[in-house]
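To start, the structure under review is shown below, and the notes come after it.
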Amino acid sequence: MDTLKHLNATRDKLIQELHTVSEQDFNRKPDATTWSPKEVSEHIALMDRYIASLMKKGKTEEKKTVKKPIRFTTVRSLKVHAPAPVDPQAAEKSKNEILNLLFESRMDVLEMYKSFSREQKKQLAMKHPVFGYLSLEQWFDFLGYHELRHVKQLQEVRKQLKI
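Okay, here's the thing in structure tokens:
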């Protein structure tokens, strides 16, 4: 898999989806328990930023890993609660604010991607709450699948809001 193409393609899909949501509908929730388009997209940015910050802080360890089925991340019927650091805030934000946050957080991820050699991406790992230890190589791929999961969620929210 070409990780950079994967990350770029998923981000393009997200941005296309966000362009179909008006500023008026951006912070609107279909119901009390469903995220708004703002919350879905903010969560993606927070996740990117959080994972990049863990890598930057050296929270990686040299560990032998096996490839995990991270593609299952896109299956919406499998629910995982977002941990506090990547939970979106309740405060309303403009679409432009979130688009800027998405850009900045992706730059953080790309900076980290470039900072590790090909070998380091295979040899270094971090623990994932569902999949266990993932190599950094798989972590970068996971971020793309995580984003695809939430693009699907955004599409569901748009249907619920009749956008």
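Residue numbers (numbering that gives the first Met the number 0): 0 to 162.
Glycine included, each C-beta is placed from N, C-alpha and C at the ideal position.
Because the structure is a prediction, the values reported are computed rather than measured.
In the three-state scheme derived from DSSP, where H, G and I count as helix and E and B as strand, residue 104 is classed as helix. When DSSP reads this structure, residue 134 sits in a beta bridge with 124. Of the residues 145, 114, 112, 150, the one whose Cα lies closest to the Cα of residue 127 is 145.
Contact between residue 29 and residue 156 holds: CB atoms are separated by about 6 angstroms, below the 8 angstroms threshold. Positions of the alpha helix (DSSP H) runs, each at least 4 residues long and wholly inside the stretch 30-72, are given as 36-55 in order along the chain. Under the three-state reduction of DSSP output, residue 7 falls in the helix class.
Counting only residues of its own chain and dropping the five nearest sequence neighbours on each side, residue 142 has a CB closer than 8 angstroms to the CB of 6, 46, 47, 50, 108. In the three-state reduction of the DSSP assignment, residue 157 falls in the helix class. Per DSSP, residue 25 is one residue of the alpha helix (DSSP H) stretching across 22-25. In summary, residue 71 is exposed, with fewer than 16 beta-carbon neighbours lying within 10 Å of its beta-carbon over all protein chains present.
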